[in-house]
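Trainee:
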Amino acid sequence: MRLKIASAALAMTLAAGTQANAETFKFAFQGTYNQLDPYSLNETFTLGMHGNVYEGLVRRSADLKIEPALAESWEVLEPTRWRFHLRKGVKFHNGNDFTADDVVFSADRVRAEGSDMTTRIAKDVKVVKVDDYTVDFILPGVNPILHSEWSTWYIMDKEWTEANNAVKVTSASDTNPNYASLNTNGTGPFKIATHEPGVKTTFTVNDGWWDNKVHNLTGVEFTPIGSDATRVAALLSGELDMAFPIPVQDIKRVDGNAGTTALTGPELRTIFLGFDQKRDELLHSNIKGKNPFKDVRVRKAFYQAIDVDAIKAKIMRGLSEPAALMISPFLFANSGDFSRYPYDPAASKKLLAEAGYGDGFEVSMDCPNDRYVNDEAICQATAAFLARVGIKVNLNAQPKAKYFAKVLASGGYDTSFYMLGWTPGSFDSYNVLLNLNNCRDDKGAGGPFNLGGYCNPKVDELTKKVLSENDEEKRNALISEAYTILNDEVSHIPLHQQGLAWGVSDKVTLKQRADNEFHFKYVVKN
Amino acid sequence: MFGFISRRIAMALVVMFVVALISFLLFRFVGDPVNQMVGIETTPEQREALRQSLGLNDPVLVQFFRYVMGAIQFDFGNSYQFKQPVADLIGRRLPATLELSFASAIFALALGIPMGVYTGLNRDSWLSKMFLSVSLVGISLPTFFIGILFIFLFSVTLQWLPSFGRGEVTELGSFWDTGFLTISGIKAIILPAITLGLYQMTLIMRLIRAEMLEVLRTDHIKFARARGLPNRSVYYIHALKNTMVPVITITGLQLGSIIAFAIITETVFQWPGMGILFLQAVQNVDIPIMAAYLLLTAFIFVVINLIVDILYVVIDPRLRTERGRA
Numbered sequence: 001m002r003l004k005i006a007s008a009a010l011a012m013t014l015a016a017g018t019q020a021n022a023e024t025f026k027f028a029f030q031g032t033y034n035q036l037d038p039y040s041l042n043e044t045f046t047l048g049m050h051g052n053v054y055e056g057l058v059r060r061s062a063d064l065k066i067e068p069a070l071a072e073s074w075e076v077l078e079p080t081r082w083r084f085h086l087r088k089g090v091k092f093h094n095g096n097d098f099t100a101d102d103v104v105f106s107a108d109r110v111r112a113e114g115s116d117m118t119t120r121i122a123k124d125v126k127v128v129k130v131d132d133y134t135v136d137f138i139l140p141g142v143n144p145i146l147h148s149e150w151s152t153w154y155i156m157d158k159e160w161t162e163a164n165n166a167v168k169v170t171s172a173s174d175t176n177p178n179y180a181s182l183n184t185n186g187t188g189p190f191k192i193a194t195h196e197p198g199v200k201t202t203f204t205v206n207d208g209w210w211d212n213k214v215h216n217l218t219g220v221e222f223t224p225i226g227s228d229a230t231r232v233a234a235l236l237s238g239e240l241d242m243a244f245p246i247p248v249q250d251i252k253r254v255d256g257n258a259g260t261t262a263l264t265g266p267e268l269r270t271i272f273l274g275f276d277q278k279r280d281e282l283l284h285s286n287i288k289g290k291n292p293f294k295d296v297r298v299r300k301a302f303y304q305a306i307d308v309d310a311i312k313a314k315i316m317r318g319l320s321e322p323a324a325l326m327i328s329p330f331l332f333a334n335s336g337d338f339s340r341y342p343y344d345p346a347a348s349k350k351l352l353a354e355a356g357y358g359d360g361f362e363v364s365m366d367c368p369n370d371r372y373v374n375d376e377a378i379c380q381a382t383a384a385f386l387a388r389v390g391i392k393v394n395l396n397a398q399p400k401a402k403y404f405a406k407v408l409a410s411g412g413y414d415t416s417f418y419m420l421g422w423t424p425g426s427f428d429s430y431n432v433l434l435n436l437n438n439c440r441d442d443k444g445a446g447g448p449f450n451l452g453g454y455c456n457p458k459v460d461e462l463t464k465k466v467l468s469e470n471d472e473e474k475r476n477a478l479i480s481e482a483y484t485i486l487n488d489e490v491s492h493i494p495l496h497q498q499g500l501a502w503g504v505s506d507k508v509t510l511k512q513r514a515d516n517e518f519h520f521k522y523v524v525k526n
Numbered sequence: 001m002f003g004f005i006s007r008r009i010a011m012a013l014v015v016m017f018v019v020a021l022i023s024f025l026l027f028r029f030v031g032d033p034v035n036q037m038v039g040i041e042t043t044p045e046q047r048e049a050l051r052q053s054l055g056l057n058d059p060v061l062v063q064f065f066r067y068v069m070g071a072i073q074f075d076f077g078n079s080y081q082f083k084q085p086v087a088d089l090i091g092r093r094l095p096a097t098l099e100l101s102f103a104s105a106i107f108a109l110a111l112g113i114p115m116g117v118y119t120g121l122n123r124d125s126w127l128s129k130m131f132l133s134v135s136l137v138g139i140s141l142p143t144f145f146i147g148i149l150f151i152f153l154f155s156v157t158l159q160w161l162p163s164f165g166r167g168e169v170t171e172l173g174s175f176w177d178t179g180f181l182t183i184s185g186i187k188a189i190i191l192p193a194i195t196l197g198l199y200q201m202t203l204i205m206r207l208i209r210a211e212m213l214e215v216l217r218t219d220h221i222k223f224a225r226a227r228g229l230p231n232r233s234v235y236y237i238h239a240l241k242n243t244m245v246p247v248i249t250i251t252g253l254q255l256g257s258i259i260a261f262a263i264i265t266e267t268v269f270q271w272p273g274m275g276i277l278f279l280q281a282v283q284n285v286d287i288p289i290m291a292a293y294l295l296l297t298a299f300i301f302v303v304i305n306l307i308v309d310i311l312y313v314v315i316d317p318r319l320r321t322e323r324g325r326a
C-alpha cells in the first residue's frame, strides 16, 4: 500500500514537469544537422533544414512546382539571357535589405572552390546586376532548366558574410568552421536561435518575413535521434510532435497508437539494380573470359526473374511503387507510356538458355545496408529470386561508408552487380540520363554514377539535345526516345520508388513533400 | 618504489601506443570518409582533391605518425563532419557522459550494497530469492534491450519519464554543463542511469553477498557475537567493513568500463555524451573522432590500472620487496 501511494505521488510530481510549451514544435530525424553554411553539403536533409532559414530566388511548393520566392518574376529575354525581377522590401534576419548585390555575391560564392553546390550555376554563366532589383543570367547555351535546382540555392547577405569573414565556403576539408557554418542570416520564415551540432538546434520565428505565414508556431526544437526504437517511442509518448523516418515495420504501431498517425507517401527516389557492362570479364563471377552482362538477354532475364510486387508486399509492407523508369512518374509527363517487363521466371530461364547460360552462373552483388529503406532485405530477396532461375548471387551487403567507397569512381567502380538509389537534384530527366546512363571513362568523366558503364552513343546524343531543347513537348519526346532505348536494352533494372513515412502527432498538421524536405512553415499546431 | 612506478608508467605508454596503432590500422576498413563529406553530385575530381588535402592518400603509417605527433601535443586533429577540433568536441560532450556514469555508479552502490547485505544475512527469505533472480535477469539481458524496455514502460505507457535527451541543462562556467539543477534534467537521467548501472549493481550485490557469507563464518564475528554485541553492529560494522576491500577494488575498475561502455546506453536514450559522438563518427567515418575516443578510453583504463597497481604496492609491503628482487 505504501508503495502504491509513493508511486502515485512520484507519478504526479513527474507529470507536472512534462507540460510542454503549446506552440513549440518538437521533432526528430535519424541524422544530424552539422553545417549551417548553405553551400557546404549537398544533401537532402541539410538543404531542407537550411530552407527554413534561407530562401532562394525560386522555391518549390508542397507539390514541388517551381514558384517565385526572392524573385517575383522572371523572363527569358533571349534564349540565352534570363532576367530575374527581385522582390522589394525583403529583409535579412539582421535587418539588411535584400538586393541584386546579394544575388551576384551568392552566385559567385556557390560556384567558388570549396562549395559542394557548384552544379547549381555553371561556371560559364555570367551573372549581371542590371539595377538594385534586377539581375540577368547570361548563358553560354540554351538551358530550359536553368532555375530547376535553385530552390536549394539559398541567397546569402553579402554585407553580413563579408563583415564576418565568411566569404570562403566552409569546405569539406576545412579544419576551422567559419562564422557562417555556425551562424545564419537568411530571409526565411525562421531564424536559428541555438545550434549544437549533433545534439540540438532550436529555431525562433522571423516576424519580419515577407510572405503570409501559414504556421502558428513560436519556436521549433530539433533533436537527432539515431535509434529507430527510441525515435518511435518518443513520438508515441508525446514528447515529439513529429519524427521521421518511421521504419516500415513500425507504421502500424504509430497508426494504432491514439494520438499519432503515420503520414506516408511516395518519395522521388528510384531504387534500381545495375550491371557491369563495360569490362570484358566480370570482376566477381565464375564466368571467365567474357562478360555475360554484355548480352541484353541476360540482363532481361535478371529483370524478369525479380518479383517487385512480392518485394512491395513482403519487404516494403506496401510502402513502395514498382517502377518502369529510372525516374519518378511525378517528374516526367510521359511516364504513363512505359510499363515494366512482367515477372516471368520461365521466360527468364529461356532467355538465359538462349544466351548460353542454361546452367546459370555465379556473381557477386554489392548492396548498402544502411542507406535506403530495407536495402539489404531487398538485395536478399533479389538473390533468392535469381536463385530460382539458376543464378547464384553472393551478396556483399555493407554500410554505406564501405559500399560507396567500393562501387563509386574512387573505388574504381569495383562491382559486377549492384543496387543504387537516385533522386535527380534538378527533378528532371536530363540529370538521370547524364549521371546514370551516359557513357563514362574509368575516371568517371561522362556519366559519373553510371557504375556499370552502360554505353550507347545514341543516348548520349539525345541527352545533349534534351539539355538545349526549349520546347517542352519536343523535349519530352526526346526524353521518351532515350528512355525507350534504355528500356529495350535493359540498361538497369528499375525496382521501385520507395515510400516516405513520417510519424506525426494528431496535435499538428503539416505537409509532406515527395523530396523528403521538411518545411516548418506549413506546420499548424492546435 | 620510484623505479616500480616509472616502469609501470613506461608500460602504460607502450599500451597506449599499441592501442593507437591497432585502432588506426582498423580505420582503413571503416570506409571512405570523403563520400560522407560531400553530396552525391560532387565530381570525382573534387573528391580526389579533397582526399589529397586531407592527407588520405599518404601511406597509413605516415598518417599514423602524423597523428601521434599531434596527440603528444594534445592536438587530436579536426573532425571531418563538424570541422572543429576533436579535443573541443569531446570536451564538450564529457560532462554528459561523466554525469551519467556518476549517477549510474551511485545507483549501483546505493542499491547493490544494501541488497547484498540483505541477501547475505537472509539467505532463505523470499525477498532474497527475488533479488537474486531479478539480478540474474539484469545480467543476462543486453543493455539496449533493457533500455528499450524501460522506454516503453516508463515513457510510452506510463509517460513518467522522458525517452531521450538530457532535458534542460545549466551552464557551470564554460567547461561544464549539468543536468542536475533542473527537474527535467534529473528526470532525464533516471532511466539511462539505471540502464547503465544495472549490471554493476548486480555485480556489487552478488560480490557483497558472497563476501558476507564468508565473513560471517570467521572467528572474529563469532567472538563479537560471544561478547554480546548487538546484531546491527556485528553485521554493519564488523562484517560489512571486511567485505568492502574487494568491493572497492571492483568498483574502481568497473567505473572505467561504465565510462567507456556508455555507448550503448547513450545511443538508446540519445544521451548527448561521448559515446554517441563516437557512434556517429563511426557511421560518418570521422576518423579523428574515432581515434581520439579510443585513445581516451585506453587512457582511462591504463590510468585506473596504474592507480590500482600502485595502491597495492602501497598497501602491501610484501609486493615491494618481491618486485625489488626481480
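For the protein sequence lines, the chains are A and B, in the order given.
Reading the first sequence from the start, the letters are residues 1 to 526 in full-length UniProt numbering.
Reading the second sequence from the start, the letters are residues 1 to 326 in full-length UniProt numbering.
Just so you know, even glycine gets a beta-carbon here, dropped at the ideal spot from N, CA and C.
1) Ignoring anything shorter than 3 residues, give me the beta strand (DSSP E) runs that lie fully in the stretch 57-145 of chain B, in order along the chain.
2) Quick check on the DSSP output: the alpha helix (DSSP H) that includes residue 190 of chain A runs from which residue to which?
3) Considering just the uninterrupted stretch of the alpha helix (DSSP H) at residue 4 of chain B, what are its terminal residues?
4) Contact between the stretch 216-234 of chain B and the stretch 133-150 of chain B is defined here as three or more beta-carbon pairs at a separation below 8 Å; is this criterion met?
5) Write down the C-beta distance between residue 254 of chain A and residue 524 of chain A rounded to the nearest angstrom, noting that I regard them as a contact closer than 8 Å.
6) Using a cut-off of 7 Å between C-beta atoms, extract the partners of residue 53 of chain B located in chain A.
7) Cβ atoms of residue 295 of chain B and residue 71 of chain B: under 8 Å apart, would you say?
8) What is the DSSP secondary structure of residue 107 of chain A, reduced to helix, strand or coil?
9) Find the residues of chain B that neighbour residue 176 of chain A, judging by a C-beta separation of less than 7 Å, and give them in chain order.
10) Please identify, using Cβ separations under 7 Å, the residues of the stretch 21-41 of chain A that lie next to chain B, in order along the chain.
11) Just to confirm the assignment: which complete beta strand (DSSP E) runs, minimum length 3, are found wholly within the stretch 40-85 of chain A?
12) Check each residue of the stretch 407-418 of chain A: if its Cβ is closer than 9 Å to any Cβ of chain B, include it; give the result in chain order.
13) Using the Cα positions of residue 510 of chain A and residue 520 of chain A, report the straight-line distance between them to the nearest angstrom.
14) For a test of the three-state rule: what should DSSP assign to residue 51 of chain B, helix, strand or coil?
15) With a CB to CB cut of under 6 Å and the five nearest residues on each side skipped, what residues in its chain are close to residue 504 of chain A?
16) In the DSSP assignment, the beta strand (DSSP E) including residue 150 of chain A goes from what residue to what residue?
17) In terms of residues, what are the limits of the alpha helix (DSSP H) holding residue 379 of chain A?
18) Hey, out of A:325, A:36, A:394 and A:489, whose CA is closest to residue 339 of chain A's CA?
19) Pick out whichever of A:120, A:388 and A:516 has its Cα sitting closest to the Cα of residue 305 of chain A.
20) Here's the rule I'm using: 16 or more other beta-carbon atoms within 10 Å means buried, otherwise exposed. How should residue 102 of chain A be labelled?
21) To the nearest angstrom, how far is it from the Cα of residue 168 of chain B to the Cα of residue 107 of chain A?
22) Roughly how many whole angstroms lie between the Cα atoms of residue 139 of chain A and residue 58 of chain A?
23) Can you tell me which residues form a DSSP beta bridge with residue 322 of chain A?
24) Figure out for me which residue from A:333, A:442, A:64 and A:345 has the closest Cα to the Cα of residue 300 of chain A.
25) Please list the segments of the beta strand (DSSP E) lying wholly inside the stretch 273-349 of chain A, counting only runs of 3 or more residues, in order along the chain.
26) Pick from B:34, B:199 and B:205: whose alpha carbon is nearest that of residue 128 of chain B?
27) If you compare alpha carbons, which of A:266, A:361 and A:267 is closest to residue 302 of chain A?
28) What are the residues in the stretch 148-168 of chain B lying within 8 Å of chain A by C-beta distance?
29) Residue 508 of chain A bridges to which residues according to DSSP?
30) Check each residue of the stretch 22-42 of chain B: if its Cβ is closer than 9 Å to any Cβ of chain A, include it; give the result in chain order.
31) Under the rule that 16 or more other beta-carbon atoms within 10 Å means buried, what is residue 32 of chain A, buried or exposed?
32) For residue 160 of chain A, name the three-state secondary structure that DSSP assigns.
33) Mind checking who residue 367 of chain A pairs with in its DSSP beta bridge?
34) Could you check the C-alpha separation between residue 146 of chain A and residue 472 of chain A for me, to the nearest Å?
35) From A:412, A:462, A:402 and A:318, pick the residue whose C-alpha is nearest to that of residue 431 of chain A; which is it?
36) If contacts are defined as beta-carbon pairs under 8 Å, then residue 212 of chain B and residue 243 of chain B qualify, I think. What distance do you get, rounded to the angstrom?
Mentor: According to the structure shown:
1) The qualifying runs do not exist here; there are none.
2) Premise fails: residue 190 of chain A lies in the beta strand (DSSP E), 190-196, not in any alpha helix (DSSP H).
3) For residue 4 of chain B, the uninterrupted alpha helix (DSSP H) run begins and ends at 2-26, by DSSP.
4) With a cut-off of 8 Å, the stretch 133-150 of chain B and the stretch 216-234 of chain B do not count as touching, because too few Cβ pairs lie within range.
5) Not a contact, Cβ separation roughly 20 Å.
6) Those are 173, listed as they occur along chain A.
7) Yes; because the gap between Cβ atoms is below 8 Å, this pair is in contact.
8) Residue 107 of chain A: helix per DSSP, three-state reduction.
9) Think of a sphere of 7 Å around the beta carbon of residue 176 of chain A: the chain B residues whose beta carbon falls inside it are 83, in chain order.
10) Against chain B - using a Cβ distance shorter than 7 Å - the residues of the stretch 21-41 of chain A are 32, 34 and 41.
11) DSSP assignment within the stretch 40-85 of chain A yields the following whole beta strand (DSSP E) runs of 3 residues or more, N-terminal first: 58-60, 66-68 and 71-78.
12) Flagged, chain order: 408, 409, 410 and 411.
13) Between residue 510 of chain A and residue 520 of chain A, the C-alpha separation is close to 8 Å.
14) If DSSP states are grouped into helix, strand and coil, residue 51 of chain B belongs with the helices.
15) Only residues of its own chain outside the window of five on either side were considered, and among them 242, 261 and 263 have a CB closer than 6 Å to the CB of residue 504 of chain A, listed in chain order.
16) Here residue 150 of chain A belongs to no beta strand (DSSP E), and DSSP marks it neither H nor E.
17) For residue 379 of chain A, the enclosing alpha helix (DSSP H) covers residues 375-388.
18) Closest option to residue 339 of chain A, Cα to Cα, is A:325.
19) That would be A:388, whose Cα lies nearest to the Cα of residue 305 of chain A.
20) Residue burial is scored here from C-beta neighbours: residue 102 of chain A has at least 16 other C-beta atoms within 10 angstroms and is therefore classed as buried.
21) Looking at the backbone, the Cα of residue 168 of chain B and that of residue 107 of chain A are separated by about 41 Å.
22) Residue 139 of chain A and residue 58 of chain A: Cα-Cα distance of roughly 18 Å.
23) DSSP lists A:496 as partners of residue 322 of chain A.
24) Closest option to residue 300 of chain A, Cα to Cα, is A:345.
25) Segments of the beta strand (DSSP E) lying fully in the stretch 273-349 of chain A: 320-322.
26) Nearest C-alpha to residue 128 of chain B: B:205.
27) Measuring from the Cα of residue 302 of chain A, the nearest candidate turns out to be A:361.
28) Listed by position, the residues of the stretch 148-168 of chain B near chain A (Cβ gap below 8 Å) are 148, 151, 152, 155, 156, 158, 159, 160, 161, 162, 163, 164 and 165.
29) Paired residue(s): A:525.
30) Listed by position along the chain: 29, 30, 31, 32, 33, 34, 35, 36, 37, 38, 39, 40, 41 and 42.
31) By the 10 Å Cβ count, residue 32 of chain A comes out buried.
32) In the structure shown, residue 160 of chain A falls within a helical segment according to DSSP collapsed to helix, strand and coil.
33) Residue 367 of chain A pairs with A:397.
34) Taking the straight line from one Cα to the other gives about 14 Å.
35) Closest by C-alpha distance to residue 431 of chain A, out of A:412, A:462, A:402 and A:318, is A:462.
36) Right, their Cβ atoms sit about 6 Å apart.
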